[in-house]
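Notes for the one structure printed next.
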Amino acid sequence: MTTPTPVFSAPPSQPEPAWRRKWRQAQRGPWVTWALLILTVAVYSLQLLSQAWLGNDYPALLGLKWGPAIVHGEWWRLITPLFLHGNLLHIGFNMYALYVLGPGLERMMGHGPFALLYFLSGYTGMAVSFAMDPSPSLGASTAIFGLIGAYIVIYAQNREAFGPVAGMYLRNAVMLALVNLAFGAVVPQIDNWGHVGGLLGGMALTAFGGPRYEAGFSLLTAQRVLRNTQTWPRTLAAAAGVALVFALFLVAGWPKYL
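Position 92 of the sequence shown, counted from 1, bears residue number 93 in this note's numbering, the numbering being contiguous throughout.
Here it is in C-alpha cells:
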C-alpha cells in the first residue's frame, strides 16, 4: 500500500485594500499637474484676500519679478512669479493651458522630470526677462511656454518611434508657439521675453534630458509599445547645465539694476 502524498494549496491571496488601489492609480495619473493647478489657484486666492482685507496685493509685491529686488538678494523672485497672476483672465488662461498641455506631457516624461521642466522653464523665462525687460512681471506663462517647447522637441526627436502622427503633432506644437509669441508681441503689458526664455529653456532641457523612445513589441499584449530609455541622472545633469547657461542672462542684466 502506498501512502498518499499530501497536496498543499497556496493560501488565497488577500484582496488589495481599496485605499491602496486608489493610491496606486493616483500615482500613475498626472498628479504633479493637478498639484500645480491647485497651488496656483490657492496662491491667487491669497492675492484676492490680501487685496480685500489689507488693501494691497502683498503676495504679488513680495514675489513678482522685479530686477532691483533680485539684485539685492531676493532670488526667490525668479520662481515665485509662476504662482502669481494679475487677474482672473490671466490665471484662467494659464491654468487652462496647463490643464490641456500638462497631463499628456507628464505621462511621457514622468512626474519628476515634468516638475523639473516646469520650474526650470519658469526660471529661464524669468532670467531672460530680467536681462531684457526691466518691467515687473508675474504669471505662469514662462513655464507654459516651456511645456510647449518640450512638446516640440519630443516629437522632433522621436519621429521614428511615434510614426506618421509625429509630424502632425510637431507642426501643431510649433504653430501654437508661434501664434502665442505673435500675440505677445502685439498686445501691451505682456512679458514676451519671458515667453521666449521659457520656450528656449524647455526646449534645451528636453533636447538633452527629455524622453528617448524606442519602439518594440509586447508578447503579452501583442501590441507595439514604446520604451523610454532616458535616465533620471542625465535629466538632472541637463537641467543643471541649462540653469547655468541661462544664469548668463542674470549676469548680463545685473548692471542695469545697480
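A virtual CB, placed ideally from N, CA and C, is assigned to each residue, including glycine.
Remember, predicted model here, so these are calculated numbers, not experimental data.
Taking C-beta to C-beta, are Gly198 and Met127 nearer than 9 Å?
-> yes
In three-state DSSP terms, what is Ser138?
-> Ser138: strand per DSSP, three-state reduction.
Which whole-angstrom value describes the C-beta separation of Gly87 and Pro31, a residue pair presumed to lie in contact below a C-beta threshold of 8 Å?
-> Approximately 26 Å separates the beta-carbon atoms of Gly87 and Pro31; this is outside 8 Å, ruling out the contact.
Counted within 10 angstroms of its Cβ, other Cβ atoms place Arg29 as buried (16 or more) or exposed | exposed
CA-CA distance, Leu49 and Phe94?
-> 17 Å
Distance between Ala157 and Trp76 (C-alpha atoms, nearest Å) | 34 Å
Pairing CB atoms from the stretch 108 to 123 with CB atoms from the stretch 199 to 212, are three or more of them under 8 Å?
-> yes
Which residues in the same chain have their Cβ closer than 6 Å to the Cβ of Tyr119, if we skip the five residues on either side of it in sequence?
-> Ala144
Can you say whether Lys66 is buried or exposed, counting buried as having 16 or more other CB atoms within 10 angstroms of its CB?
-> buried
Of all Cβ atoms in chain D, is any one closer than 9 Å to the Cβ of Trp32?
-> Going by chain labels, chain D is absent from the structure shown, which holds only one protein chain.
Does the distance from the C-beta atom of Tyr45 to that of Ile92 stay below 9 Å?
-> For the pair Tyr45 and Ile92, the CB atoms are nearer than the 9 Å cut-off.
Report the option in Ala167, Ser122, Phe184, Leu63 whose CA atom is closest to the CA atom of Gly195.
-> Ranking Ala167, Ser122, Phe184, Leu63 by Cα distance to Gly195 puts Ser122 first.
Start-to-end residues for the alpha helix (DSSP H) that takes in Ile92 = First-last of the alpha helix (DSSP H) with Ile92: 89 to 110.
Would you kindly report the start and end of the unbroken alpha helix (DSSP H) that includes Asn181?
-> 166 to 187
In the structure shown, what three-state DSSP assignment does Arg228 receive?
-> Three-state result, Arg228: strand.
Return yes when at least one heavy atom of the ligand SAM lies under 8 Å from the C-beta of Arg108, else no.
-> For the ligand SAM, the structure offers nothing, since it holds no ligand at all.
Top-ranked residue by Cα proximity to Trp255, from Pro135, Ala98, Arg235 = Pro135
For Glu75, does the three-state DSSP call read helix, strand or coil?
-> coil
DSSP puts Tyr214 in a beta bridge; with which residues?
-> DSSP output for Tyr214 lists Asn229 as bridge partner(s).
Closest Cα partner of Thr34 within the set Ala70, Arg78, Leu106, His73 = It is Leu106 whose Cα lies nearest to the Cα of Thr34.
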